[in-house]
Amino acid sequence: MRDGFQGDERRVVQDYDAYFNAQFEAYPLNLLPGQVACSDNPDDMIVASVGAGIFVSIYEPELKTGAACFLLLPRALLDIFPHFGKADPESVRAALSPLENCIGEMKRRGAGKGRIRVRLTGGAAMPGDHEDRGTKNYIFAREYITRKGLPVLNEDIGGSCVRRIHFFPASGKVIRRMLHRAEDFSEVSALENSPFSE
């Protein structure tokens, strides 16, 4: 025991999303599968840890506004990939909704199709994944973006590592960290295989 520290006297953060990240000097907005975030606040940072999922970030330099989404195909679409015509149309709409909402929010804020910059990150081959979920998630996202005629600035896809992405929507800056620890794989696998991601 160190100088009167009892062990139960630790700082507790009640709201995990309401803290200031001193390393990046920003407030993190944490994304989970299926979620979307959009901001023009220079103090905001959109954060996600992805394995097989795809983190799509969109930036519009004239507006200094960015949006991001965490795309992950549900089991029903993974099972029939790439024959989405056989799928329940509602399942396809639900799978595309994070990306559609992300693009839609940028349009509502005045983003021009020719000015936006799209980045795709993720699509890893996770341990024990015999279905190649990462590649399927990537193809699903990439085909939709291509059909929309949106320019893709950069892709960081595949590999065998979990990625933690820090996206600064007001500047378009992206910091990507490769995570190799077993705990990181376990945490992201549990997140991407949880019931709400199905």
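The sequence shown begins at 992 in this note's numbering and counts up by one.
Glycine is no exception: its CB is placed at the ideal position from the N, C-alpha and C atoms.
Just so it is clear, the structure is predicted and the values come from calculations on it, not from any experiment.
With a minimum length of 3 residues, the unbroken runs of beta strand (DSSP E) contained wholly in the region 1094 to 1170 fall at 1108 to 1113, 1143 to 1148, 1153 to 1159, 1164 to 1170. In the three-state scheme derived from DSSP, where H, G and I count as helix and E and B as strand, Ser1082 is classed as helix. Distance between Thr1112 and Arg1154, taken at the CA atoms: about 8 Å. Judged by DSSP in its simplified three-state form, Ser1177 adopts helix. For Ala1116, same chain residues with a beta-carbon under 6 Å away, outside a window of 5 residues either side, are Gly1125, Ser1151 in chain order. In the DSSP assignment, Leu1062 falls outside any alpha helix (DSSP H) and lies within the beta strand (DSSP E) extending over 1056 to 1062. Annotation: the continuous alpha helix (DSSP H) that includes Ala1067 extends over 1066 to 1071. By the Cβ-count criterion, Gly1114 is buried, with 16 or more other Cβ atoms from all chains shown falling within 10 Å of its own Cβ.
Counting only the Cα atoms, Glu1178 lies some 24 Å from Arg1110.
In the three-state reduction of the DSSP assignment, Ser1040 falls in the strand class.
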